[in-house]
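Q: If you scroll down you'll find the structure; I have some questions about it.
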């Protein structure tokens, strides 16, 4: 793009729960409405001249795919988790790219928005492969759980007394296969949606070929890897809360406006951030900042994003 | 890409039936195996230096999604056809990009392969919108068909005495929204998978915004549009037969090695090509050749593709 000034790159990770909210079933109108809300702050970044990579979670969506898969299994062949993740990358990418494109039209910004189907490499020997810890999909009775363990080799965990859910491994992301193409598109002024659900998990064989593997990758850790590979100046995680908090949901809860990477690591070690929610986000933030000491992390809600990026709200984490 | 010679662009449209074959249910191993077979000829084109856009059908795959959708509708919200099409673009794109990448490794070709989620614009006033003619998804009893007509406004058609199937419109493709990005990737030596299932159908509102619409786009007509927009030199349609035939499946069947665009139009007018199968392919071919008089169309099977492109087999259609 001749005459184009050097721009800065931002990676914005949208929570899957920002698109199907708690207590929603995820009708198409709910998903489109929530997607549009989540994108308000992203439009602000684009107007300010940032090159933007949008990543997203897919927890509730892949959960719905697993339910359909199971309910239709007598008529439609089961698909492995990676292919279901491909489903959600396609459908959610479509919703996000169309919603963002439409919003940009109202701001007279003529930029293409494209979704790139993404594979993320993990290690088949990752310790987590032997110890599945991530609950996915529907709740089953103990009897059905036993049947599925026998018939399909699924592993189960009891989830907070509500029933049994399939437990899958969540190995560490090592490589984003399509990062080169994503970078090329970003430098050409194209807005990219990618790494949905953390990417479709694959392993790299000794001969270099790729093969799918049954697990789920944490989307914040995969987004952090992308932010490092792209040398992004800004890494935003959009989630259900306006700010990161210490003593979360306790009487002495303290919201954090700003912290250093060292403080973030200390609070993490002190157990302030839960494994299933803020924990991976703080890990994603500190891994990114360790590699990008001039970078900035913002964690906030869809509603808070615009102001937070401008420095008024959310939680900002920086190296210094 | 400095120093890169001018290459030629080929559009290769794979049939959805080439990936789930007739009488197969479409297990994941069947789909991967068929995908790999379908790609043998594509590898030949890439080795010969062509820039390749791969498009694909999704008939059996979106049919399976409709069955799951229906069987799970008490627990998982219904998704519209366009979002299900997004599902199949993601999952099938993943299968194709991974399978092709792996094949290229064995030929020591280091080219990225990416899937771009694609939207195709149609006219909401297209005549076909009022007259749904394309059967999709599962078979229903007359009683269930009546219930779904009442509850969901679906329209039905009886399909060859086997039961009732949902009938959806199949409007004419007018514009591939992402064609600019696809072209940019191709000229940079990247292999692109796009326009799956003909693209996710959308209409363009007077203000320029896009909105999904419930229908299915013929993937060969959409691929033909892409071939014209890309000024491709070669347009290949991979299907279930080695050659186009006159008097198909009759005692006097004649396979065609080569025909001119005028001959193709004449045979089409004479009713040699069926509406649900070869008809749209011949229409796609002649529309492309009318716009690209130096172009070449090849119609053949996955097995025949490599030889056909080299001039030994399949049916070749040219302007002259």
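Protein chains in written order, with our numbering: chain G, 1 to 320; chain Z, 321 to 640.
Virtual Cβ for every residue (Gly too), placed ideally from N, Cα, C.
(1) Helix or strand or just coil, what does DSSP make of residue 285/G?
(2) Identify each residue in the region 58–84 of chain G for which the Cβ-Cβ distance to at least one residue of chain B is less than 7 Å, and report them in chain order.
(3) Can you name the residues of chain Z whose CB is closer than 7 Å to the CB of residue 89/G?
(4) Contact defined as beta carbons within less than 8 Å: I believe residue 498/Z pairs with residue 436/Z. What is the distance between those atoms, to the nearest angstrom?
(5) Have a look at residue 395/Z and residue 385/Z and give me their C-alpha separation to the nearest angstrom.
(6) Taking all protein chains shown into account, decide if residue 300/G is buried (16 or more other Cβ within 10 angstroms of its Cβ) or exposed.
(7) Where residue 11/G and residue 52/G are concerned, what is the direct C-alpha to C-alpha distance, given to the nearest angstrom?
(8) Tell me which same chain residues have a C-beta within less than 6 Å of the C-beta of residue 489/Z, skipping the five on either side of it?
(9) Note the first and the last residue of the continuous beta strand (DSSP E) segment covering residue 259/G.
(10) Hey, how far is the Cα of residue 441/Z from the Cα of residue 63/G?
(11) Give the residues of chain G in contact with residue 494/Z, contact being defined as C-beta atoms less than 8 Å apart.
(12) What is the rounded straight-line gap between the Cα of residue 419/Z and the Cα of residue 73/G?
(13) Buried or exposed for residue 417/Z, please, with buried defined as at least 16 other CB atoms from any protein chain shown within 10 angstroms of its CB.
(14) What is the rounded straight-line gap between the Cα of residue 324/Z and the Cα of residue 164/G?
(15) Ends of the beta strand (DSSP E) at residue 70/G?
(16) Looking at residue 78/G: is its Cβ nearer than 9 Å to the Cβ of residue 348/Z?
(17) Which residue wins for smallest C-alpha separation from residue 93/G, given the options 111/G, 194/G, 149/G, 309/G?
(18) Identify the contact partners of residue 178/G in chain Z, using a Cβ-Cβ distance below 8 Å as the criterion.
(19) Where does residue 1/G land, buried or exposed, given buried means 16+ other C-beta within 10 angstroms?
(20) Under 8 Å between beta-carbons, which chain G residues line up against residue 501/Z? List them in chain order, please.
(21) Identify whether residue 438/Z lies in helix, strand or coil by the three-state DSSP scheme.
(22) Under the three-state reduction of DSSP, which class applies to residue 307/G: helix, strand or coil?
(23) Classify residue 276/G as helix, strand or coil using the three-state DSSP reduction.
(24) With C-beta atoms as the reference, is residue 41/G less than 9 Å away from residue 230/G?
(25) If you draw a straight line from the C-alpha of residue 345/Z to the C-alpha of residue 351/Z, how long is it?
(26) To which residues of the same chain is residue 556/Z closer than 6 Å at the C-beta, ignoring the five residues directly before and after it?
(27) Output yes if chain Z places a C-beta closer than 9 Å to the C-beta of residue 247/G; else output no.
(28) So, with DSSP's three-state summary, where would you put residue 131/G?
(29) Which residues of chain Z have a Cβ atom closer than 7 Å to the Cβ of residue 207/G, listed in chain order?
(30) Please report the distance separating the alpha-carbon of residue 190/G from that of residue 251/G.
(31) Counting only beta-carbon separations shorter than 9 Å, does residue 267/G have a partner in chain Z?
(32) Is there contact here, the region 253–263 of chain G with the region 311–319 of chain G, by at least three beta-carbon pairs under 8 Å?
(33) Hey, could you find the ends of the beta strand (DSSP E) residue 229/G is sitting in?
(34) Report the neighbours of residue 17/G on chain Z: residues whose CB is nearer than 8 Å to its CB, in chain order.
(35) Quick check: the Cα distance between residue 45/G and residue 529/Z, rounded to an integer number of angstroms?
(36) Give a yes or no on whether 9 Å exceeds the smallest Cβ distance from residue 229/G to chain Z.
A: Taking the geometry as given:
(1) helix
(2) Absent here is chain B; the protein component of the structure consists of chains G and Z.
(3) 410
(4) 6 Å
(5) 15 Å
(6) buried
(7) 6 Å
(8) 448, 449, 452, 535
(9) 258–260
(10) 31 Å
(11) None at all; the shortest Cβ gap to chain G is about 17 Å.
(12) 25 Å
(13) buried
(14) Reliability of the predicted coordinates at residue 324/Z is poor, the pLDDT of 45 falling under 50, and the value obtained from them is presented with this limitation in mind. Each residue's Cα considered, the two are about 57 Å apart.
(15) Element bounds for residue 70/G: not the beta strand (DSSP E) but the alpha helix (DSSP H), 59–71.
(16) yes
(17) 194/G
(18) 432, 434
(19) Note on residue 1/G: pLDDT 38, under 50, position unreliable in the model; the coordinate value appears next. Residue 1/G is exposed by the Cβ-count criterion.
(20) 112, 114, 185, 190
(21) coil
(22) helix
(23) coil
(24) no
(25) 9 Å
(26) 332, 618
(27) no
(28) coil
(29) 425
(30) 46 Å
(31) no
(32) yes
(33) Counting along the chain, residue 229/G falls outside any beta strand (DSSP E), though it belongs to the alpha helix (DSSP H) covering 219–229.
(34) Near residue 17/G there are no residues of chain Z at all, since even the closest Cβ is about 16 Å away, more than 8 Å.
(35) 20 Å
(36) no
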